[in-house]
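The structure appears below as C-alpha cells.
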Amino acid sequence: MKTTLYYFSGTGNTLAVARKVASLLGDTDLVPIAALMNTETITVPQGRIGICCPVYDMGIPVMVRSFISRLSVSVNTYVFGLLTFGGTGASALKMIDRGIQLRRGRGINAGFMVKMPGNFPPLSVPPMGSKQQSILAKAEADCARIAEDIKNNHEKRPGISPLSSLLQFLLYEPFAKNVHRSGERFSISAACTSCGICATVCPSENITIQDGKPVYADRCELCCACLNYCPVQAINLGMMFGTEGRGRYHHPDITPADLHRQKEIMYE
Ligand SMILES: Cc1cc2nc3c(=O)[nH]c(=O)nc-3n(C[C@H](O)[C@H](O)[C@H](O)COP(=O)(O)O)c2cc1C
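If you read the sequence shown in my numbering, its first letter stands for residue 819, the second for the next number, and so on.
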C-alpha cells in the first residue's frame, strides 16, 4: 500500500526519522508541510498517510496544527502520527488525534514517538558524543519497529499521559499565541559572517539577509534551525537560561540543503 508521509523538521531529527521509516516502508512519498503553507485545502492521495513532526511545548508546531486543519481525509484512510521529541511529550500525539478527529469524525489509527537528541539549548544542553550516538542508535531500532506496525496497518491509539497533558495545558496555548514573533528574541553577534545558512534552513522563510545580517519577520516557528545550524554560533536566543556556551545540535546526516528543499519541493 502506498504511504504519503507529511513532515516538518527544524534541525533534521524529524526528516531523518521520516526518511528512515519511508525507506523501510517502500512506496512512500515524503511531502514537506512547509511547502503547503499557503495551500487552502489539502486533499490526501489514496493509501495511508502519516504526519511526522517534532514535539514543541508538549504540543505540535503551529505550522503543523494549521496543516491538519486544512486536510481533507476520508474516515477509511489509515492515518498515523509520528513524533520526534527530546524528553517528554506524549500529549502531542493527542493534539494530532484531536485535529484529525475534527477533520473526519475519527482520530488517528496509530501514534508513534521516537526519542531524539533535544535541540533547544535555552532549556537543556544538547547531548553530545557517545550520549548523542546512543540516542540515535536506539532511534534507528525504534523506526524499524514502527515501520513494521505501519506496514500491518496496526491500530495503536495514543494513550493518556497526565503529566504531559497538564504541561500542555499550561504551556502550549501561550507558546502558540506568541511563537510567530519569536524572531524578536534572537540576537546576532559580531561573529556573524553573513553566510546566509540561517535563511537557508528556516522552514517558514522568516529570515532575510539585510546589510549582511539576518533579519527576522513574523512567521517564526521557533524551530531553532537558525541557531543550531549557524557555523560560528553567532545566533543566540534570549530565553530561560540563554544559549551562549550551551552547545548546539542538528542531526548529523541532515544538511542545510536538505532542509532548504522542504520549502521548495513536494516529493523526494
Ligand atoms: C521550541 C521547542 C520546543 C520543544 N519542546 C519540547 C517538548 O515539549 N518536549 C520534548 O520532549 N522535546 C521538545 N523539544 C525538542 C524537539 O521536539 C526534538 O529535539 C525534536 O526531535 C526536534 O526535531 P527536528 O530536528 O526535526 O526539528 C522542543 C524543541 C523546540 C525547538
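Every residue, glycine too, gets a C-beta built ideally from N, C-alpha and C. The model shown is predicted, which means the values in this text are computed figures rather than measured ones.
1) Just the Cα atoms here: how many angstroms apart are PHE1059 and ASN971?
2) Looking only at C-alpha atoms, which of CYS1010, VAL862, LEU954 sits nearest to ARG921?
3) Relative to ligand 1, is the shortest distance from any of its heavy atoms to the C-beta of MET934 smaller than 8 Å?
4) Taking just the CA atoms, how far does ALA1043 sit from CYS1020?
5) Need the endpoints of the alpha helix (DSSP H) that CYS961 sits in, please.
6) Going straight from the alpha carbon of ARG1064 to that of LEU843, what length do you get?
7) Is it buried or exposed for ALA955, if we count other Cβ within 10 angstroms and need 16 for buried?
8) For GLY1014, which residues from the same chain have a beta carbon less than 7 Å from its beta carbon, with the 5 sequence-adjacent residues on both sides left out?
9) Which of the three DSSP states, helix, strand or coil, is assigned to PRO1032?
10) With GLY917 as the anchor, note down where its alpha helix (DSSP H) starts and where it stops.
11) Of the residues THR829, GLU991, LEU901, which one's Cα is nearest the Cα of ASP1076?
12) Which class does PRO1021 belong to by DSSP, given the choice of helix, strand or coil?
13) Quick one: what's got a C-beta closer than 7 Å to ARG1003's C-beta in the same chain, skipping five residues either side?
14) Give the range of the beta strand (DSSP E) segment to which ILE867 is assigned.
15) When DSSP labels each residue in this structure, what does SER899 get in the three-state scheme?
16) Is it the case that the region 1022 to 1036 contacts the region 891 to 909, given that we only count it when at least three CB pairs across the two stretches are under 8 Å?
17) List the DSSP bridge partners of PRO850.
18) Quick check on VAL893: buried or exposed, where buried means 16 or more other Cβ atoms within 10 Å of its Cβ?
19) Using the C-alpha atoms, what's the distance from LEU848 back to ALA836?
20) SER827: which of MET819, TYR874, GLU858 sits nearest, CA to CA?
21) So, is ASN1046 buried or exposed, given that buried needs 16 or more other C-beta atoms within 10 angstroms?
22) When you measure from the CB of ASP967 to every non-hydrogen atom of ligand 1, does any distance come out below 8 Å?
23) Of all the options THR832, ILE860, ILE869, which has the alpha carbon lying nearest to the alpha carbon of THR821?
24) Spatial neighbours of GLN919 within its chain, please: C-beta separation below 7 Å, excluding the five flanking residues on both sides.
25) Quick one: using the 10 Å Cβ neighbour count with 16 as the cut-off for buried, is ALA959 buried or exposed?
26) Would you mind listing the alpha helix (DSSP H) stretches within the region 968 to 1013 that are 4+ residues and don't spill past its ends, in chain order?
27) Is it right to say ASN927 is buried, meaning 16 or more other beta carbons lie within 10 angstroms of its own, or is it exposed?
28) Taking Cβ positions, are HIS1068 and THR1018 nearer each other than 9 Å?
Straight from the coordinates:
1) 43 Å
2) VAL862
3) yes
4) 6 Å
5) 947 to 969
6) 37 Å
7) exposed
8) ILE1027
9) strand
10) 909 to 922
11) THR829
12) coil
13) LEU1055, GLY1056, MET1057
14) 866 to 872
15) What sits at residue 899 in the sequence shown is Gly, not Ser. If DSSP states are grouped into helix, strand and coil, GLY899 belongs with the strands.
16) no
17) TYR825
18) exposed
19) 8 Å
20) TYR874
21) buried
22) no
23) ILE869
24) GLY925
25) exposed
26) 980 to 996
27) buried
28) no
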